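Numbering (the working numbering), first residue to last: 13 to 291. For every residue, glycine included, the Cβ atom is placed at its ideal position computed from N, Cα and C. This structure is a prediction, so every number in the text was calculated from the model and none was measured. The next block holds one structure in the form of structure tokens; read it before the comments.
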Ligand SMILES: [Zn+2]
């Protein structure tokens, strides 16, 4: 993932990281990226990693599909807070992990992140970490106090040796109330970008809107996480198909809902500017 993000940083675009949780979502996301000749990151939440499989199954499946893909594919653990599980994922072949120790205080976070960085770098893998808090779109949204402090971010990146940093400047995780677009603090993002040299990551990309996404990419964001919009797009596809034919075969239902989710991914790839950027 590191090389993918460095290229994005040099050429001023962002790579989309889409939450997946099974074979179908991984294959569908990679197919969408291929149709745009864009690099892509498969993001597996720690919770999904455990509920829908295990590190070995996901690493094997992703490697198998990625080998046949015509674009670069990275496999990342999203929001991993269990150090042993992150190490198991790296052993299984994940190309990167997000070490999310943001619940710890700064010194503990630095210590825990550094340990994962050492483990990952010994295996040629990439580490993302987070500094600042990301709110909940339909609950307590990201407020001023949760935003990333640029000086702290600079120290954190240097002392941990991470490869990319998730930062907070206005986005929240989840699905916003209908019609709500979060105000992004681009001034803060510029300050963080000026203080930190590693590629920056936007979490909670869903529902941010084209303008916020494009402004973020123009100011140092090189990886954009989207989960909810992909899941909701796919869910809406399921609803429409069931309304049309409540007796549809389950395997037909799953297969025929893929295009709805892929349309969402293609739109984000356009906004992120990664179309045609596959190496
Ligand atoms: Zn996130």
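- Of the residues assessed, residue 96 falls on the exposed side of the cut-off, its CB having fewer than 16 other CB atoms within 10 angstroms.
- If you compare the alpha carbons of 205, 143 and 194 with that of residue 150, the shortest gap goes to 194.
- With a contact defined as Cβ atoms closer than 8 Å, residue 177 and residue 213 qualify at about 6 Å.
- Taking the Cβ atoms as the reference, residue 77 lies roughly 22 Å from residue 98, outside the contact range of under 8 Å.
- In the three-state reduction of the DSSP assignment, residue 154 falls in the coil class, being assigned neither a helical nor a strand state.
- Looking only at 26, 21 and 20, the smallest Cα-Cα distance to residue 280 is reached by 26.
- Between residue 108 and residue 144, the C-beta gap is not smaller than 8 Å, which leaves the two residues out of contact.
- Of the heavy atoms belonging to ligand 1, at least one sits nearer than 7 Å to the Cβ of residue 146.
- Here residue 226 has 283 as same chain residues with Cβ atoms under 7 Å from its own Cβ, once five neighbours each way along the sequence are excluded.
- Judged by beta-carbon spacing, residue 35 lies beyond the 8 Å limit of residue 87, meaning their Cβ atoms are not closer than that value.
- Residue environment for residue 91: buried (at least 16 other C-beta atoms within 10 angstroms of its C-beta).
- Leaving aside the five residues that flank residue 232 on each side, the residues in its chain whose CB is nearer than 6 Å to its CB run, in chain order, 205 and 212.
- Proximity to residue 238 across 184, 266, 23 and 254 peaks at 184, based on C-alpha coordinates.
- The nearest non-hydrogen atom of ligand 1 is less than 7 Å from the C-beta of residue 216.
- With a cutoff of 8 Å on beta-carbon distance, residue 52 and residue 28 are scored as near each other.
- Counting only runs that start and end inside the stretch 22 to 100, the beta strand (DSSP E) elements of at least 3 residues fall at 27 to 31, 52 to 57 and 85 to 92.
- Ligand 1 approaches residue 237 closely enough that one of its heavy atoms is under 7 Å from the residue's Cβ.
- Shown here, residue 146 sits in coil according to DSSP, grouped into three states, outside any helix or strand.
- Assigned with DSSP and collapsed to three states, residue 291 falls in coil, not helix or strand.
- For residue 153, the CB contacts under 6 Å within the same chain, skipping 5 residues up- and downstream, are 147 and 184 in chain order.
- In the structure shown, residue 246 adopts helical secondary structure according to DSSP, grouped into three states.
- Distances from the CA of residue 158 to each of 199, 114 and 130 were compared; the closest alpha carbon is that of 114.
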